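A.B. asks: Line by line, the protein sequences are chains A and B.
Reading the first sequence from the start, the letters are residues 1 to 407 in full-length UniProt numbering.
Reading the second sequence from the start, the letters are residues 1 to 407 in full-length UniProt numbering.
2 protein chains.
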Amino acid sequence: MGEPRRGGMSRRVFLAGAGVASSSVALAACSREGEGFSEVASLTTATLAFDGERQAGIATPTQANLNLVGFNLKDGVTADGIRNLMQLWTEDARELAAGRNPLSSLEPEMVERPANLTITCGFGERVFDIAASGAKPQWLHDIPDMPREQLSDDWAQTDLVLQICSDDAVVCAWAMRHMTRAGMDYVRTAWVQQGFMNAYGSIPEGHTPRNLFGQVDGTVNPRSDDEFADQVFTDDGSSSLVVRRIAMDLDDWERLDRTSREEAVGRRLSDGAPLTGDNEFDAPDLDARDEYGLPVIDMNSHMARAMPPADHPGQKFLRRPYNYNLPPEPGSEQLSNAGLVFLAYQKDPDVQFTPVLRRLLEADRLNEWTTHIGSAVYWIPPGTADPGSGEARDAFWGETVLSRGRG
Amino acid sequence: MGEPRRGGMSRRVFLAGAGVASSSVALAACSREGEGFSEVASLTTATLAFDGERQAGIATPTQANLNLVGFNLKDGVTADGIRNLMQLWTEDARELAAGRNPLSSLEPEMVERPANLTITCGFGERVFDIAASGAKPQWLHDIPDMPREQLSDDWAQTDLVLQICSDDAVVCAWAMRHMTRAGMDYVRTAWVQQGFMNAYGSIPEGHTPRNLFGQVDGTVNPRSDDEFADQVFTDDGSSSLVVRRIAMDLDDWERLDRTSREEAVGRRLSDGAPLTGDNEFDAPDLDARDEYGLPVIDMNSHMARAMPPADHPGQKFLRRPYNYNLPPEPGSEQLSNAGLVFLAYQKDPDVQFTPVLRRLLEADRLNEWTTHIGSAVYWIPPGTADPGSGEARDAFWGETVLSRGRG
Chain A
1 MGEPRRGGMS
11 RRVFLAGAGV
21 ASSSVALAAC
31 SREGEGFSEV
41 ASLTTATLAF
51 DGERQAGIAT
61 PTQANLNLVG
71 FNLKDGVTAD
81 GIRNLMQLWT
91 EDARELAAGR
101 NPLSSLEPEM
111 VERPANLTIT
121 CGFGERVFDI
131 AASGAKPQWL
141 HDIPDMPREQ
151 LSDDWAQTDL
161 VLQICSDDAV
171 VCAWAMRHMT
181 RAGMDYVRTA
191 WVQQGFMNAY
201 GSIPEGHTPR
211 NLFGQVDGTV
221 NPRSDDEFAD
231 QVFTDDGSSS
241 LVVRRIAMDL
251 DDWERLDRTS
261 REEAVGRRLS
271 DGAPLTGDNE
281 FDAPDLDARD
291 EYGLPVIDMN
301 SHMARAMPPA
311 DHPGQKFLRR
321 PYNYNLPPEP
331 GSEQLSNAGL
341 VFLAYQKDPD
351 VQFTPVLRRL
361 LEADRLNEWT
371 THIGSAVYWI
381 PPGTADPGSG
391 EARDAFWGET
401 VLSRGRG
Chain B
1 MGEPRRGGMS
11 RRVFLAGAGV
21 ASSSVALAAC
31 SREGEGFSEV
41 ASLTTATLAF
51 DGERQAGIAT
61 PTQANLNLVG
71 FNLKDGVTAD
81 GIRNLMQLWT
91 EDARELAAGR
101 NPLSSLEPEM
111 VERPANLTIT
121 CGFGERVFDI
131 AASGAKPQWL
141 HDIPDMPREQ
151 LSDDWAQTDL
161 VLQICSDDAV
171 VCAWAMRHMT
181 RAGMDYVRTA
191 WVQQGFMNAY
201 GSIPEGHTPR
211 NLFGQVDGTV
221 NPRSDDEFAD
231 QVFTDDGSSS
241 LVVRRIAMDL
251 DDWERLDRTS
261 REEAVGRRLS
271 DGAPLTGDNE
281 FDAPDLDARD
291 EYGLPVIDMN
301 SHMARAMPPA
311 DHPGQKFLRR
321 PYNYNLPPEP
331 GSEQLSNAGL
341 VFLAYQKDPD
351 VQFTPVLRRL
361 LEADRLNEWT
371 THIGSAVYWI
381 PPGTADPGSG
391 EARDAFWGET
401 VLSRGRG
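1. For B:K347, which residues in the same chain have their Cβ closer than 6 Å to its Cβ, ignoring the five residues on either side in sequence?
2. Residues in the same chain with beta-carbon distance under 6 Å from A:Q215, minus the five sequence neighbours each way, listed in chain order, please.
3. Excluding sequence positions up to five away, which residues of its chain have a Cβ less than 6 Å from the Cβ of A:E391?
4. Cα separation between A:G374 and A:M110?
5. For chain B, check one thing: does any of its Cβ atoms lie closer than 7 Å to the Cβ of A:E109?
6. In the DSSP assignment, find the unbroken alpha helix (DSSP H) run with A:H178 in it and report its ends.
7. Could you tell me which uninterrupted beta strand (DSSP E) segments, each at least 3 residues in length, are contained entirely in the segment 328-357 of chain B, listed from first to last along the chain?
8. Three Cβ pairs or more, each shorter than 8 Å: is that satisfied between the segment 300-308 of chain B and the segment 153-162 of chain B?
9. Taking the alpha-carbon positions, what's the A:M299 to A:L286 distance?
10. Report the neighbours of A:W191 on chain B: residues whose CB is nearer than 9 Å to its CB, in chain order.
11. In the DSSP output, what is A:L68 paired with across the bridge?
12. Quick check on the burial criterion: 16 or more other C-beta atoms within 10 angstroms. Buried or exposed for A:A114?
13. Could you pull the start and end residues of the alpha helix (DSSP H) that B:F128 belongs to?
14. Does the pairing of the segment 212-230 of chain A with the segment 261-280 of chain A give three or more beta-carbon distances under 8 Å?
15. Starting from B:D92, find everything on chain A with Cβ-Cβ shorter than 9 Å and list it in chain order.
16. Are A:V341 and A:Q138 touching if we call contact CB-CB under 7 Å?
17. Contact check, A:T180 vs A:V69 under 8 Å by CB: the rounded distance?
18. If you draw a straight line from the alpha carbon of B:D145 to that of B:S240, how long is it in whole angstroms?
19. Would you say A:N337 reaches chain B, if we count a Cβ-Cβ gap shorter than 7 Å as a contact?
20. Using a C-beta cutoff of 7 Å, does A:N198 count as contacting chain B?
21. What residue range is occupied by the uninterrupted beta strand (DSSP E) comprising B:A376?
22. Taking 7 Å as the CB-CB cut-off, is A:D168 touching chain B?
23. Whether or not the segment 170-189 of chain A and the segment 74-88 of chain A are in contact is what I'm after, with contact meaning three or more pairs of Cβ atoms, one per stretch, closer than 8 Å; do they touch?
24. Would you say B:L43 reaches chain C, if we count a Cβ-Cβ gap shorter than 7 Å as a contact?
25. Whose CA, out of A:T118, A:A338, A:G195, lies closest to the CA of A:Y322?
26. Hey, does residue 439 of chain A have any beta-carbon neighbour from chain B nearer than 7 Å?
27. Along the beta strand (DSSP E) that carries A:R83, what are the first and last residues, could you check?
28. Quick one: grab the DSSP three-state call for B:G388.
29. Does any CB atom of chain B fall closer than 7 Å to the CB of A:R245?
30. With a threshold of 16 other CB atoms inside 10 Å of the CB of A:F50, please say whether the residue is buried or exposed.
31. With 7 Å as the threshold, decide whether the Cβ of B:T400 is near any Cβ in chain A.
32. Using a beta-carbon distance below 7 Å, is B:T180 in contact with chain A?
33. Could you give the distance in angstroms between the alpha-carbon of A:E329 and the alpha-carbon of B:E329?
34. Residues of chain A with CB under 7 Å from B:A64, in chain order?
35. Would you give the residue range spanned by the alpha helix (DSSP H) that B:M303 belongs to?
36. Can you list, in chain order, the residues of its chain whose CB lies under 7 Å from that of B:T354, leaving out five sequence neighbours each side?
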């Protein structure tokens with residue numbers, strides 16, 4: 001949950017503002033005001049650059065489809081095996097992102113139009129234990145136990161994760177199959193968390209997407225280069241990913257009137273403005289009182305609990321949430337089985353993420369309708385360089401730390 | 001499976017060719033050749049007309065997302081209850097498709113941009129038994145037992161079905177929630193079959209989408225008004241829907257070389273051309289022999305088995321298939337759990353669909369990699385007219401037959 005911001009910008013503005021490289025995003029120059037046409041590249045040709053200082057799929061715009069795959073190493077896989085896997089996975093992900101056919105794949109037609117495909121890799125703690133123990137970040141451990149959480153083994157920590165996103169669901173499915181098949185000598189799938197956001201081009205410029213509670217879900221995210229450097233990426237281009245699977249009780253939530261929903265969140269449903277403000281991006285005034293002297297924004301509203309306190313302004317991170325909406329569990333009286341695959345990127349979860357999570361799970365009013373059922377933490381290796389480029393970057397995911405582990 | 005055709009046309013050509021009404025599909029006139037821009041309406045404003053001679057969601061272009069929901073009537077629901085349900089469901093579906101907030105819904109923001117939302121309703125046999133026995137079509141019964149099928153109760157016949165499709169997954173999820181909630185006094189969800197196709201605008205004009213076997217899946221569908229009138233819709237605008245859930249063993253399929261895959265299908269993988277032809281839409285020549293005197297197209301290839309025989313040219317129907325690609329079943333050694341939610345629309349399944357299905361399940365070479373695991377048949381009521389329009393059409397789904405049932 002939380003208070004993301006990036007959705008508040010158009011993809012175009014975001015791409016320009018964050019300085020994200022895109023190899024073939026061409027922008028239509030012919031949008032016509034008042035007719036609802038937005039300036040986005042055609043999905044038939046849209047791609048996002050794979051190689052770079054940072055992995056794609058983090059600061060790049062959120063695509064419509066997510067296949068988040070948790071993998072565990074097969075018994076007996078050593079440091080050499082992990083290096084081999086990273087080499088072949090990186091090569092194949094680079095080809096798929098560019099719309100080229102990976103080596104030995106017999107399905108070139110399935111990869112021709114990547115539709116902004118990104119494949120982002122993360123390492124769980126066990127990869128460091130096996131292959132790079134000296135390089136393990138001190139924050140790479142389970143999120144501490146939290147009040148109210150009901151974690152399931154079904155969504156537990158894994159050794160590796162691939163975040164596969166595309167604006168085309170067929171591409172997203174195919175890329176998952178290819179990567180799973182390519183890695184099958186080394187890993188087996190522990191879980192797949194599938195999610196969706198609004199379709200490419202379906203949200204007008206300046207509008208923030210909404211989650212299934214109807215809340216705008218993208219207000220306070222980093223957007224400038226400086227904010228990303230401050231909150232999300234270390235100087236070497238690495239990062240961390242926390243995955244929280246959050247079940248949402250839509251049946252109960254929908255029994256609330258709109259005023260109660262807004263009080264629980266601290267923002268207006270209509271436009272996401274804080275209850276003390278006029279516009280989505282207005283700074284909330286937690287000291288404001290109404291005519292009866294009561295706080296306008298409940299101190300236990302989701303927004304108030306999520307805000308970094310004045311003495312800890314660094315408690316900020318990138319939210320990249322996806323919705324899930326599955327059929328009701330057999331025998332359940334619920335109308336659906338819905339929630340968020342909540343992806344948080346930051347430099348250091350211990351400092352930036354976990355304190356916010358604890359504040360929320362202790363007293364966030366939204367807790368009445370949400371339950372955390374999965375948790376995992378990964379180190380995100382820096383971006384790569386195409387081997388032919390001559391740049392001084394890793395040629396494959398984690399090359400530097402994995403080398404160190406073998407020494 | 002089968003040999004659909006509609007994907008071979010652009011949405012634009014299709015809309016024009018089939019004469020499908022669309023209340024606000026505006027087409028960008030500024031596409032620029034060679035830059036990959038296609039002439040599609042912005043998803044921020046795209047809608048498909050709800051009311052019409054025929055229900056939307058059949059001849060209209062296939063959207064990216066499917067939520068197919070099978071409902072069973074709650075105990076004690078009578079003919080009057082079914083009429084009430086149809087009235088409120090029709091009203092709400094009409095509002096949702098237009099981007100308006102249904103009566104009593106507290107979430108107007110979730111429905112503002114329908115992204116070509118269609119909600120299509122079908123009646124199972126039991127609705128007629130309860131509310132309209134005299135009107136039951138003679139073909140409205142289970143598909144007869146077929147060789148090789150392994151039908152699961154999980155995907156069995158239901159009393160009602162809603163086919164909910166949108167090019168935006170959030171809209172598709174929301175519309176399912178709304179319709180399920182709206183009907184909860186009368187029905188409970190038996191199953192949800194979720195599926196996906198390529199994203200809106202992701203397939204260039206003239207290209208046919210592919211399923212997860214890599215086959216082009218849209219070659220022989222009806223496309224002209226005459227073909228739709230001949231194959232799909234009766235004069236009163238009604239139709240029938242057969243749902244077959246078809247599991248696809250991708251792991252085994254992917255072990256085949258391309259030549260073997262092409263022989264099993266009867267078409268080239270690269271462009272969908274029959275093995276005797278040069279282009280996707282060339283007529284196959286089943287009599288052609290190669291240099292050794294062997295048939296170029298295997299008589300048991302999928303295409304050859306699916307083709308209507310010369311003495312039964314009416315064995316044609318509309319394929320509207322969606323892919324599914326779920327995580328592997330727990331404990332399975334398979335890399336995924338994938339297949340098709342295969343939706344077939346025709347006037348009369350007994351005459352047009354079932355003979356083709358039988359030919360396929362008896363000897364189609366693709367049977368080695370496919371298993372039919374679900375089956376259901378529905379009557380599709382004619383289209384509706386907005387109550388204010390004064391047109392002589394049903395104001396709600398099935399009004400005419402349900403009235404008759406009460407008489």
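For each residue, glycine too, the CB sits at the ideal point set by N, CA and C.
These figures come from a predicted structure and were not determined experimentally.
C.D. replies: Concretely, from the data shown:
1. Closer than 6 Å at the Cβ level, and outside the excluded window around B:K347, lie T234.
2. Result list for A:Q215: V265, in chain order.
3. Around A:E391: A385.
4. If I take the Cα positions, the gap works out to 32 Å.
5. Among the CB atoms of chain B, one or more fall inside 7 Å of the CB of A:E109.
6. First-last of the alpha helix (DSSP H) with A:H178: 169-182.
7. Here the runs fully enclosed are 337-346.
8. Not touching, per the Cβ criterion.
9. The alpha-carbon separation between A:M299 and A:L286 amounts to approximately 7 Å.
10. Neighbours of A:W191 on chain B, chain order: P327.
11. Beta-bridge partners assigned by DSSP to A:L68: A:Q163, A:Q193.
12. This sequence places Pro at residue 114 of chain A; Ala is not what is there. Using a 10 angstroms sphere on the CB of A:P114, the tally of other CB atoms reaches 16 or more, which defines it as buried.
13. Per DSSP, B:F128 belongs to the alpha helix (DSSP H) from 125-131.
14. Put simply, the segment 212-230 of chain A touches the segment 261-280 of chain A. At least three CB pairs are less than 8 Å apart.
15. Residues of chain A passing the Cβ test: none, with the nearest at roughly 14 Å.
16. No; because the gap between Cβ atoms is not below 7 Å, this pair is not in contact.
17. The C-beta separation of A:T180 from A:V69 comes to about 7 Å, placing the pair in contact by the 8 Å criterion.
18. Roughly 19 Å between the two C-alpha positions.
19. By this cut-off, A:N337 is not an interface position.
20. Yes, A:N198 lies at the interface with chain B (some Cβ there is under 7 Å from its Cβ).
21. Where B:A376 is concerned, the enclosing beta strand (DSSP E) stretches over 370-380.
22. It does; some Cβ of chain B falls within 7 Å.
23. At 8 Å Cβ cutoff, the stretches touch.
24. Structure shown: chain C not included; protein chains present are A and B.
25. Comparing alpha carbon positions, the residue from A:T118, A:A338, A:G195 closest to A:Y322 is A:G195.
26. The structure shown has nothing for residue 439 of chain A, since chain A only spans 1 to 407.
27. Not the beta strand (DSSP E): A:R83 falls in the alpha helix (DSSP H), residues 79-98.
28. In this structure, B:G388 counts as helix in the three-state DSSP scheme.
29. Cβ-Cβ to chain B under 7 Å: no for A:R245.
30. The residue in question, A:F50, is buried, as its Cβ has 16 or more Cβ neighbours within 10 Å.
31. Chain A contact via Cβ: absent.
32. By the rule that beta-carbons nearer than 7 Å mark a contact, B:T180 touches chain A.
33. Cα to Cα, A:E329 sits roughly 15 Å from B:E329.
34. Those within 7 Å of B:A64 in chain A are A169, A199.
35. Bounds of the alpha helix (DSSP H) holding B:M303 are 302-306.
36. Excluding the 5 residues flanking it on each side, B:T354 has same chain C-beta neighbours closer than 7 Å at I143, P144, in chain order.
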